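Worksheet: the structure to be examined is printed underneath.
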Amino acid sequence: MTMIFGVPLAVLSGQLLIGIINGAFYALLSLGLAVIFGLLKIINFAHGAMYMLGAMGTVLMFDYLGVNYWVALFLAPLLVGTLGVAIEYFLLRRIAGQDHIYSLLLTFGVALIISGVLVNWFGVSGLRYSMPDMFKGGVNLGFMFLPYYRAWVIVAALLVCFATWFIIEKTKLGSYLRAGTEDSQLMQGFGINVPLLISLTYGFGVALAAFAGVLAAPIYSVTPVMGAATLITVFAVVVIGGMGSIGGAIITGILMGVIEGLTKTFYPPASSAVIFLVMVLVLMFRPSGLFGKEA
Amino acid sequence: MSKSPDREYEQLRISGLHAYYGQSHILHGIDLMVHRGELVTLLGRNGAGRSTTLKAIMNMVGRRTGSIMINGEETMQRAPHHIARLGVGYCPEHRGIFSSLSVQENLTLPPVVRSGGMSLEEIYTMFPNLYERRFSQGTKLSGGEQQMLAMARILRTGANMLLLDEITEGLAPVIVEKLGEVLIALKNKGLTIVLVEQNFHFAAPLADRHYVVEHGRIVEEISANELSAKQSVLDSYLGV
Numbered sequence: 001m002t003m004i005f006g007v008p009l010a011v012l013s014g015q016l017l018i019g020i021i022n023g024a025f026y027a028l029l030s031l032g033l034a035v036i037f038g039l040l041k042i043i044n045f046a047h048g049a050m051y052m053l054g055a056m057g058t059v060l061m062f063d064y065l066g067v068n069y070w071v072a073l074f075l076a077p078l079l080v081g082t083l084g085v086a087i088e089y090f091l092l093r094r095i096a097g098q099d100h101i102y103s104l105l106l107t108f109g110v111a112l113i114i115s116g117v118l119v120n121w122f123g124v125s126g127l128r129y130s131m132p133d134m135f136k137g138g139v140n141l142g143f144m145f146l147p148y149y150r151a152w153v154i155v156a157a158l159l160v161c162f163a164t165w166f167i168i169e170k171t172k173l174g175s176y177l178r179a180g181t182e183d184s185q186l187m188q189g190f191g192i193n194v195p196l197l198i199s200l201t202y203g204f205g206v207a208l209a210a211f212a213g214v215l216a217a218p219i220y221s222v223t224p225v226m227g228a229a230t231l232i233t234v235f236a237v238v239v240i241g242g243m244g245s246i247g248g249a250i251i252t253g254i255l256m257g258v259i260e261g262l263t264k265t266f267y268p269p270a271s272s273a274v275i276f277l278v279m280v281l282v283l284m285f286r287p288s289g290l291f292g293k294e295a
Numbered sequence: 001m002s003k004s005p006d007r008e009y010e011q012l013r014i015s016g017l018h019a020y021y022g023q024s025h026i027l028h029g030i031d032l033m034v035h036r037g038e039l040v041t042l043l044g045r046n047g048a049g050r051s052t053t054l055k056a057i058m059n060m061v062g063r064r065t066g067s068i069m070i071n072g073e074e075t076m077q078r079a080p081h082h083i084a085r086l087g088v089g090y091c092p093e094h095r096g097i098f099s100s101l102s103v104q105e106n107l108t109l110p111p112v113v114r115s116g117g118m119s120l121e122e123i124y125t126m127f128p129n130l131y132e133r134r135f136s137q138g139t140k141l142s143g144g145e146q147q148m149l150a151m152a153r154i155l156r157t158g159a160n161m162l163l164l165d166e167i168t169e170g171l172a173p174v175i176v177e178k179l180g181e182v183l184i185a186l187k188n189k190g191l192t193i194v195l196v197e198q199n200f201h202f203a204a205p206l207a208d209r210h211y212v213v214e215h216g217r218i219v220e221e222i223s224a225n226e227l228s229a230k231q232s233v234l235d236s237y238l239g240v
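In structure tokens, the structure reads:
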């Protein structure tokens, strides 16, 4: 058997794959956080709950309504995005311009309420979601076994990340977002409906989280509290990448997943701490993040 | 051919305007009126409330009371984006060039609010420098070019009333001269212009009327043909 640094190649590549998949989730989630932070200047603590709603929604829509995976892939982000627009319109808008701590507490409270209600109904043990038939099985690449669904997760996450990057950096709508990030008041003075743009941006950001949730449903344990644990890591990823950088959020997300996977292979006890270690180092030497603009 | 101002048409009428930033009371009852096609300046010392008056017209200050009529329509309850869509183009003192946008993206950012705006070609003819640097990052331009860009940006939208805040500040004389030419061209097109200006020698030959602002009030109104007679009054207000 081929060995690399004393580790079988199959084990190493298996962990790398898991790392890339986790990284794809980190990328999707931190991308949504970065988009929201850019325009709204709020740290969305409800992001994990929105991710969870995407996954729970997928399971529940299948169990109760027979909605299949592909429909859920569009429907869950749409519904969660609509919920996000409502949250922005009825709650966040009231505290716009206040200190960061208010939006932090408000979104944290929203997250607690959503997950609390779902815990009450469904408990904290994982719900089961069966893999769509076409994704069962996998392919043997010679050095490792690649399950089809895992390959699909990577492709789908990268496609959505790229599309988001493209929209923001290369289109007219994206130029509104970029400009609004710098000076939303002046944008509104030009006749752009900034309040609407803010609602839609928040909706879009949380829809990305819900999309990640749908992708996660067949491979992760789906519970009302799944978002909370993930969110902590994602915040660390965002701090490492630098708030408000779209490309940075994507690259850092994948990179951190891979680093986590490699640590799991070579020194498993550190695997859950390594991202936070990187965060500490980045904060010490580059406080605005790897891709952040110097303040 | 120059269009003369339409004395019958009140493009802007402000009455009893008070404005506040938090606890500070900045405007103490501004009253002024601008006809269509007029170029009117707001003169005064720094901190007199001239910039705040423009911001208040755009509903960009904390709290306002009083009345601001644009084209005969009360706008006190209108959001900034609605005010822009009444045909108001605002050029802020800090110019507001976006660093994450290219020159051309900056130029095409503000949506067209009325028909009759300048096309991109016309703008590039008026400001050839901007054409040459259209793919540069907006804030990589020189100060003068950034000011040209900030002006050009609102000409594309078809706005027929321009609120220009200190557009000559800190610019080389040759650029200031160019801006003067641009303002004359815009006036000849029949645009209404409210100009907040520190450089009186720049403003004097361009303007139809001047308002002097002090401590958040209009203290003097001087028309272009009274200027020489009232020069000493003006000097005492401006402290020159």
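Chains as they are written, first to last, in the UniProt record's numbering: chain A, 1 to 295; chain B, 1 to 240.
Quick reminder that beta carbons are idealized off the backbone N, C-alpha and C, glycines included.
Predicted, not measured: the structure shown is a model, and the values here were computed from it.
As assigned by DSSP and simplified to three states, the class of residue i
i                      : result
A:R150                 : helix
A:N44                  : coil
residue 247 of chain B : Residue 247 of chain B cannot be examined here, being either before or after the span of chain B that is shown, 1 to 240.
B:N188                 : helix
B:T168                 : coil
B:G180                 : helix
B:A79                  : coil
B:S115                 : coil
A:N140                 : strand
B:P207                 : Position check: residue 207 of chain B holds Ala in this sequence, whereas Pro was assumed. In the structure shown, B:A207 sits in coil (DSSP, three-state: anything other than H, G, I, E or B).
B:M58                  : coil
B:E38                  : coil
A:A290                 : For clarity, residue 290 of chain A is Leu in the given sequence; the question names Ala instead. If DSSP states are grouped into helix, strand and coil, A:L290 belongs with coil.
B:L86                  : coil
A:G176                 : Sequence check: residue 176 of chain A is Tyr here, not Gly. Three-state result, A:Y176: helix.
B:E10                  : strand
B:P173                 : helix
B:E74                  : strand
Rounded distance between the beta-carbons of residue j and residue i, thought under 8 angstroms
i      : j      : result
A:Y176 : A:V85  : Contact doesn't hold; Cβ gap of about 17 angstroms is too wide.
A:G227 : A:A49  : 5 angstroms
B:L12  : B:I70  : 6 angstroms
A:E182 : B:S100 : 6 angstroms
A:M61  : A:L118 : In fact, because the Cβ distance is near 14 angstroms, the residues do not count as touching under 8 angstroms.
A:T265 : A:L9   : The pair is not a contact, with the Cβ atoms about 11 angstroms apart (cut-off 8 angstroms).
A:G241 : A:L281 : At roughly 14 angstroms, the Cβ-Cβ gap does not stay under 8 angstroms, so A:G241 and A:L281 are not in contact.
A:L283 : A:V239 : 7 angstroms
B:R64  : B:M76  : 7 angstroms
A:V214 : A:L78  : The pair is not a contact, with the Cβ atoms about 11 angstroms apart (cut-off 8 angstroms).
A:G32  : A:A209 : 5 angstroms
B:L238 : B:A204 : Actually they are not in contact, since the Cβ atoms of B:L238 and B:A204 sit about 11 angstroms apart, beyond 8 angstroms.
Candidates the options: closest to residue i by CA position
i                      : options                           : result
A:T107                 : A:F90, A:F122 and A:G123          : A:F90
B:R95                  : B:L164, B:A185 and B:Q231         : B:L164
residue 308 of chain A : A:V237, A:V274, A:A217 and A:T263 : The requested residue 308 of chain A does not occur in the structure, where chain A is confined to residues 1 to 295.
A:L277                 : A:A236, A:G257 and A:Y267         : A:A236
B:V113                 : A:G191, A:F122 and A:I240         : A:G191
A:M256                 : A:V274, A:I154 and A:N44          : A:V274
B:I193                 : B:M33, B:A19 and B:H28            : B:M33
B:Q104                 : B:H25, B:V40, B:R133 and B:E145   : B:R133
A:P195                 : A:I254, A:W152, A:V124 and A:L92  : A:L92
B:L17                  : B:Q23, B:T108, B:L130 and B:G66   : B:G66
A:Y69                  : A:W152, A:L104 and A:V7           : A:W152
B:L42                  : B:E10, B:E226, B:E166 and B:M58   : B:E166
A:P224                 : A:R128, A:M134, A:L40 and A:Y64   : A:R128
B:N59                  : B:G44, B:L206, B:S236 and B:G89   : B:G89
residue 297 of chain A : A:I114, A:L83 and A:S245          : Given a span of 1 to 295 for chain A in the structure shown, any question on residue 297 of chain A remains unanswerable.
A:T230                 : A:N120, A:G142, A:A96 and A:F45   : A:F45
B:G170                 : B:N199, B:N225 and B:L186         : B:N199
Any non-hydrogen atom of the ligand COA within 7 angstroms of residue i CB
i     : result
A:I20 : In terms of ligand content, the structure shown is empty, and the ligand COA therefore cannot be addressed.
Self-check item: Any alpha helix (DSSP H) of 4 or more consecutive residues that is wholly inside the stretch 192-216 of chain A
Solution: Fully enclosed alpha helix (DSSP H) runs of 4 or longer: 194-216.
Quiz prompt | Every unbroken beta strand (DSSP E) within the stretch 63-104 of chain A, with a cutoff of 3 residues, ordered by chain | solution = Counting only runs of at least 3 residues, the stretch 63-104 of chain A fully encloses no beta strand (DSSP E) element at all.
Exercise. Note down, one range per segment and in chain order, each alpha helix (DSSP H) of at least 4 residues found wholly within the stretch 217-275 of chain A.
Key: Entirely contained in the stretch 217-275 of chain A, the alpha helix (DSSP H) runs reaching 4 residues are, in chain order, 226-241 and 246-266.
Quiz item: Which residues, in chain order, does the stretch 181-208 of chain A contribute to contact with chain E at a C-beta distance below 8 angstroms?
Solution: This model lacks chain E altogether, as its protein chains are A and B.
Practice problem: Mind listing, in chain order, the continuous beta strand (DSSP E) runs of no fewer than 3 residues lying wholly within the stretch 119-168 of chain B? | Solution: Counting whole runs of 3 or more residues, the stretch 119-168 of chain B contains the beta strand (DSSP E) stretches 161-165.
Practice problem: Give a yes or no on contact between the stretch 15-26 of chain A and the stretch 252-266 of chain A, applying the rule of three or more CB pairs nearer than 8 angstroms. | Solution: Taking 8 angstroms as the limit for Cβ pairs, the verdict is that the stretch 252-266 of chain A does touch the stretch 15-26 of chain A.
Quiz item: Is the stretch 204-221 of chain B touching the stretch 45-56 of chain B, taking contact as three or more C-beta pairs under 8 angstroms?
Solution: Yes: at least three Cβ pairs fall under 8 angstroms.
Quiz item: Do the stretch 123-130 of chain B and the stretch 143-155 of chain B touch if we need at least three Cβ pairs shorter than 8 angstroms?
Solution: Between the stretch 123-130 of chain B and the stretch 143-155 of chain B, the count of C-beta pairs closer than 8 angstroms reaches three or more; the two stretches touch.
Self-check item: Those runs of the beta strand (DSSP E) which lie wholly inside the stretch 209-240 of chain B and span at least 3 residues
Solution: DSSP assignment within the stretch 209-240 of chain B yields the following whole beta strand (DSSP E) runs of 3 residues or more, N-terminal first: 209-214 and 217-223.
Quiz item: Does the stretch 155-166 of chain A touch the stretch 21-33 of chain A, meaning 3 or more C-beta pairs lie closer than 8 angstroms?
Solution: When C-beta atoms of the stretch 21-33 of chain A are compared with those of the stretch 155-166 of chain A, three or more pairs fall below 8 angstroms, so the two segments count as touching.
Quiz item: So does the stretch 36-50 of chain B actually touch the stretch 80-87 of chain B, counting three or more Cβ pairs closer than 8 angstroms?
Solution: Output reads no: the stretch 80-87 of chain B does not touch the stretch 36-50 of chain B.
Quiz prompt | Segment contact, 8 angstroms Cβ cut-off, at least three pairs: the stretch 221-234 of chain B with the stretch 197-211 of chain B | solution = The answer is yes - the stretch 197-211 of chain B touches the stretch 221-234 of chain B, with three or more Cβ pairs under 8 angstroms.
Quiz item: Pairing CB atoms from the stretch 172-190 of chain B with CB atoms from the stretch 137-151 of chain B, are three or more of them under 8 angstroms?
Solution: At 8 angstroms Cβ cutoff, the stretches touch.
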